[in-house]
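If you count the sequence shown from 1, position 59 lands on 233 in our numbering, and the numbers rise without skipping.
In what follows, a single structure is set out as structure tokens and then discussed.
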Amino acid sequence: MEAATPISAELKKRVDALAARTGRLAAEVVADALEHGHSLEWQEHFIARVEAGIAAADRGDFAAPQDIERVLDKYRPR
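This is how it looks when you write it as structure tokens:
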């Protein structure tokens with residue numbers, strides 16, 4: 175189903191910016207909000223956190239190998 179509804183210029187700007195940051199269509203951003211309850215604020219926050227995590231990993235600010243092993247050991251079957 176295709177539907178159209180007028181939205182404010184500010185809301186359109188946020189949808190378009192989020193679509194550009196994620197490589198999705200604006201319609202996909204809106205559908206995510208409607209179908210899954212992921213508000214624009216939630217999506218913006220989520221993408222910002224993912225981008226921050228990627229940037230940290232690129233800088234080498236990541237878990238040390240021994241830290242990863244400790245977590246894996248915690249959840250390995252005994």
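Even glycine gets a Cβ: it sits at the ideal position worked out from N, Cα and C.
Alpha helix (DSSP H) containing G178: first to last residue?
Reading the sequence shown from its first residue, position 4 is the one you call residue 178. It is Ala, not Gly, that sits at residue 178 in the sequence shown. No alpha helix (DSSP H) holds A178; DSSP gives it neither H nor E.
Inspect the beta-carbon positions of V253 and A201 and report whether they are closer than 7 Å.
No statement about residue 253 is possible, as the shown extent of the chain runs from 175 to 252 and does not include it.
Below 8 Å, can you find three or more Cβ-Cβ pairs linking the region 225-232 to the region 209-217?
In this structure the region 225-232 does not lie against the region 209-217, because fewer than three pairs of beta carbons, one per stretch, are closer than 8 Å.
What is the residue span of the alpha helix (DSSP H) that D241 lies within?
To locate residue 241, count along the sequence shown from 1; it is residue 67. Run containing D241: P239 to Y249, per the alpha helix (DSSP H) assignment.
The alpha helix (DSSP H) that contains D232, what's its start and end?
Working through the sequence shown from its first residue, we reach residue 232 at position 58. It spans L214 to R233 - the alpha helix (DSSP H) in which D232 sits, taken as one unbroken run.
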